[in-house]
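Q: In terms of UniProt numbering, the sequence shown has 52 at position 52, counting the first letter as 1, and numbering is strictly consecutive.
By construction, the Cβ of each residue, glycine as well, lies at the ideal position given by its N, Cα and C atoms.
Quick caveat: nothing in here was measured; it's all calculated off a predicted structure.
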Amino acid sequence: MAPPSNNRQPTHHDVIIIGAGAAGLMCAATTGYRGRRTLVLDHANKPGKKILMSGGGRCNFTNLNSTPANFLSDNPHYCISALKRYTPQDFVELVDRHGVEYEEKAPGQLFCQDSAKDILNVLLTECEWAGAEIRMETSVNSVTETGDGYHLATSAGNFTCESLVVATGGLSIPTMGATGFGYDIARQFGLEVLPTRAGLVPFTLHPELKQQLAPLSGVSCPVDAHCHNEHFREPMLVTHRGLSGPAMLQVSSYWQPGDEIHINLLPAQKIQQDLLDLRRDKPQSTLLQYLNQHLPKRFAQAFNELQGWRGPLQEYRNADIGQVAQALGDWTIKPAGTEGYRTAEVTLGGVDTRQLSSKTMAVQDQPNLFFIGEVVDVTGHLGGHNFQWAWASGVAAGNVA
Ligand SMILES: Cc1cc2nc3c(=O)[nH]c(=O)nc-3n(C[C@H](O)[C@H](O)[C@H](O)COP(=O)(O)OP(=O)(O)OC[C@H]3O[C@@H](n4cnc5c(N)ncnc54)[C@H](O)[C@@H]3O)c2cc1C
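Here's what the structure looks like:
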């Protein structure tokens, strides 16, 4: 470690990166290997805290099927170039070189076999080998342009650098060190910051529905959920606070307050035809029996109760069966809200990419100022895409910073 810098004599580095998270560490290893004297500054007490808590502690570190279609942005083409130049396979090769064991838990989604620590260790080892210095518990008080670079006043003294990379992440999980500092720097340098909101976040429900669904707490079932025509066929989980599980988290990124979400509880069934056939073949059977065949028993029971479905199918007219099919195939809910940044996995919005180079992540009229990772307006779907963006944008900037 370098000695602490004294306040009068700023310590000079070629590259300073603010934020020792996924994107910042990846960028630091890349600039370090290029022989650039690199310093990473972070105000938290440990690097990569979100990596450690990701994927339930096992870090879903990439998605083999990641494409630009897996990202939300006001400028959807922006992410294409970086994602093309650093692919999921590139990260897998890095992980393989370090002997990390992993598994494909769902199609394309790679998780550590053992612990998310393995991914953080890969990044820290790469930074060490590349000679990049990481200085934790350091708050950056101000950033100023010097003409040939940037001057940073920090709690550990003053620093100057030729290239400054902002990798401060989004606003989710403030207890892990998330701040809006990256947005402040962007605004300071005249960049637009698009409105931010929590993404990949559970929904909360209005009291009546919450109470009705209370008996279902802990039950999960595969659904097709959609909002603004974005469909996700994944499990939904009812919790004591509302609706969660991958399907709901995915939909939350497209949801705006006041919107309805639509849930097909039996996406694999032709519900109306099934019920008409069942009424013809077994007129005494009930809707609960049908639901029990296709849904977890507890869910079937509670949903049947919620809908007040009683009696044998022979008592249901065609129009009734149509309504039942509608209720199951298009269960429509108006969430009260989301759990917000407290539990959100990501932040939507952020630094407007229209003012950044998609090749280098640099500000168009400030070629030595870079924004990477979640601080920019690029947000991935659930399933390893957000880390893939952190790696790809970190490398894109690291190759030139
Ligand atoms: C619970 C949870 C689980 C997740 N699981 C997954 C997953 O399995 N797969 C996936 O792809 N994505 C996952 N994500 C999303 C993923 O963690 C982020 O998209 C990714 O970490 C973003 O990387 P980043 O480097 O841009 O930001 P971060 O990793 O958030 O790093 C930002 C760094 O900047 C530092 N910082 C912030 N403000 C300041 C400041 N003012 N001064 C100095 N330093 C500052 C922070 O301390 C932090 O170290 C998950 C997120 C959460 C919250």
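Excluding five sequence neighbours on each side, which residues of the same chain lie with their C-beta closer than 8 Å to the C-beta of Ser161?
A: Within the sequence shown, the letter at position 161 stands for residue 161. Checking the sequence shown, residue 161 turns out to be Cys, not Ser. So the qualifying residues of the chain are His12, His13, Asp14, Val15, Ile16, Leu39, Gly149, Tyr150 and Leu152.
Q: Taking Cβ positions, are Pro47 and Met176 nearer each other than 9 Å?
A: Here residue 47 refers to the residue found at position 47 when the sequence shown is read from its first residue. Here residue 176 refers to the residue found at position 176 when the sequence shown is read from its first residue. No, Cβ-Cβ distance for Pro47 and Met176 is not below 9 Å.
Q: Relative to the C-alpha of Glu339, which residue among Val363, Cys59, Val166 and Gly199 is closest?
A: Taking the sequence shown and counting its residues from 1, one reaches residue 339 at position 339. Comparing Cα-Cα distances from Glu339 to each of Val363, Cys59, Val166 and Gly199, the minimum goes to Gly199.
Q: Name the residue from Ala392, Gly384 and Glu374 whose alpha carbon lies nearest to the alpha carbon of Arg197.
A: One-based indexing of the sequence shown puts residue 197 at position 197. Selected option, being the one with the closest Cα: Glu374.
Q: Can you tell me the Cα-Cα spacing of His385 and Ser66, whole angstroms?
A: Residue numbering aside, residue 385 sits at position 385 when the sequence shown is read from its first letter. Residue numbering aside, residue 66 sits at position 66 when the sequence shown is read from its first letter. Approximately 6 Å, taken between the alpha carbons.
Q: Going by alpha carbons, who is nearest to Cys227 out of His206, Tyr254 and Gly147?
A: For the purposes of this step, residue 227 is identified with residue 227 of the sequence shown, where counting begins at 1. Checked all of His206, Tyr254 and Gly147; the closest Cα to Cys227 is Tyr254.
Q: Please specify which runs of the beta strand (DSSP E), each continuous and at least 3 residues long, are wholly inside the region 115-203, giving them in chain order.
A: Within the region 115-203, the complete beta strand (DSSP E) runs of at least 3 residues are 133-135, 140-145, 150-154, 157-166 and 193-199.
Q: Using a threshold of 8 Å, is the CB atom of Ala186 nearer than that to any non-hydrogen atom of ligand 1?
A: Translated into positions along the sequence shown, residue 186 becomes position 186. Answer for Ala186: no, Cβ out of range of ligand 1.
Q: With DSSP as the reference, identify every bridge partner of Leu72, one or two as the case may be.
A: Along the sequence shown, one-based indexing puts residue 72 at 72. Thr379.
Q: Between which residues of its own chain and Phe111 is the CB-CB distance below 7 Å, once the five residues before and five after are set aside?
A: Translated into positions along the sequence shown, residue 111 becomes position 111. If we look at Phe111 and ignore the five residues flanking it on each side, its Cβ neighbours are Gly55, Arg58, Cys59, Asn60, Tyr102, Glu103 and Lys105.
Q: Leaving aside the five residues before and after Asp330 along the sequence, list all residues of the same chain whose C-beta is less than 6 Å from its C-beta, in chain order.
A: Indexing the sequence shown from 1 puts residue 330 at position 330. Counting only Cβ-Cβ distances below 6 Å, and skipping sequence neighbours, we find His262.
Q: In the DSSP assignment, find the beta strand (DSSP E) that holds Cys227 and state where it starts and stops.
A: Taking the sequence shown and counting its residues from 1, one reaches residue 227 at position 227. That run of the beta strand (DSSP E) goes Ser220 to Cys227.
Q: Look at Ala362 and Cys27 and say whether their C-beta atoms are less than 9 Å apart.
A: Counting from 1 along the sequence shown, the entry for residue 362 is found at position 362. Counting from 1 along the sequence shown, the entry for residue 27 is found at position 27. Going by C-beta atoms, Ala362 is not nearer than 9 Å to Cys27.
Q: Please classify Ser163 as buried or exposed, where buried requires at least 16 neighbouring CB atoms within 10 angstroms.
A: Numbered from its first residue, the sequence shown carries residue 163 at position 163. The residue is buried, with at least 16 neighbouring Cβ atoms inside 10 Å.
Q: For Gly394, which residues in the same chain have their Cβ closer than 6 Å to its Cβ, ignoring the five residues on either side in sequence?
A: To locate residue 394, count along the sequence shown from 1; it is residue 394. Excluding positions up to five away in sequence, the list reads Ala23, Met26, Cys27 and Ile372.
Q: Would you check whether ligand 1 has a heavy atom nearer than 8 Å to the C-beta of Asp377?
A: The residue given as residue 377 occupies position 377 in the sequence shown. Every heavy atom of ligand 1 is 8 Å or more from the Cβ of Asp377, so no.
Q: Using CA coordinates, which residue listed in Asp281, Leu291, Thr332 and Glu305 is at the minimum distance from Ile271?
A: Working through the sequence shown from its first residue, we reach residue 271 at position 271. That would be Leu291, whose Cα lies nearest to the Cα of Ile271.
Q: Apart from the five residues just before and just after Thr332, which ones in its own chain have a Cβ nearer than 8 Å to its Cβ?
A: Here residue 332 corresponds to residue number 332 of the sequence shown, with the count starting at 1. Here the set comprises Glu260, Ile261, His262 and Ile263.
Q: Decide if Trp389 is buried, meaning its Cβ has at least 16 other Cβ atoms within 10 Å, or exposed.
A: Looking up residue 389 in the sequence shown gives position 389. The residue is buried, with at least 16 neighbouring Cβ atoms inside 10 Å.
Q: Report the option in Gly35, Lys50, Ala29 and Gly32 whose CA atom is closest to the CA atom of Phe387.
A: As a working note, residue 387 is residue 387 in the sequence shown. The residue with the shortest Cα to Cα distance from Phe387 is Lys50.
Q: Distance, Cα to Cα, Ala392 vs Asp224?
A: Locating residue 392 in the sequence shown gives position 392, counting from the first residue. Locating residue 224 in the sequence shown gives position 224, counting from the first residue. Each residue's alpha carbon lies about 30 Å from the other.
Q: Spatial neighbours of Thr144 within its chain, please: C-beta separation below 6 Å, excluding the five flanking residues on both sides.
A: Translated into the one-based positions of the sequence shown, residue 144 becomes position 144. The answer, listed in chain order, is His151.
Q: Could you tell me the alpha carbon to alpha carbon distance between Tyr86 and Thr62, rounded to whole angstroms?
A: What you label residue 86 is simply residue 86 of the sequence shown in a count that begins at 1. What you label residue 62 is simply residue 62 of the sequence shown in a count that begins at 1. Whole-angstrom Cα-Cα distance: 12 Å.
Q: Please give the ranges of any beta strand (DSSP E) in the region 308-341, keeping only runs that are unbroken, at least 3 residues long and fully inside the region.
A: The qualifying runs are 331-333.
Q: Run the proximity test for Gly384: is its beta-carbon closer than 8 Å to any non-hydrogen atom belonging to ligand 1?
A: Numbered from 1 along the sequence shown, position 384 holds the residue referred to as residue 384. Gly384 Cβ: within cutoff of ligand 1.
Q: What three-state label does DSSP hand Ile372 in the structure shown?
A: Here residue 372 is taken as the residue at index 372 of the sequence shown, counted from 1. Three-state result, Ile372: coil.
Q: Please state if the CB of His231 and the CB of Lys334 are separated by a distance shorter than 9 Å.
A: Residue 334 sits at position 334 when you count from the first residue of the sequence shown. Residue 231 sits at position 231 when you count from the first residue of the sequence shown. No, the pair does not count as a contact, with Cβ atoms beyond the cut-off.
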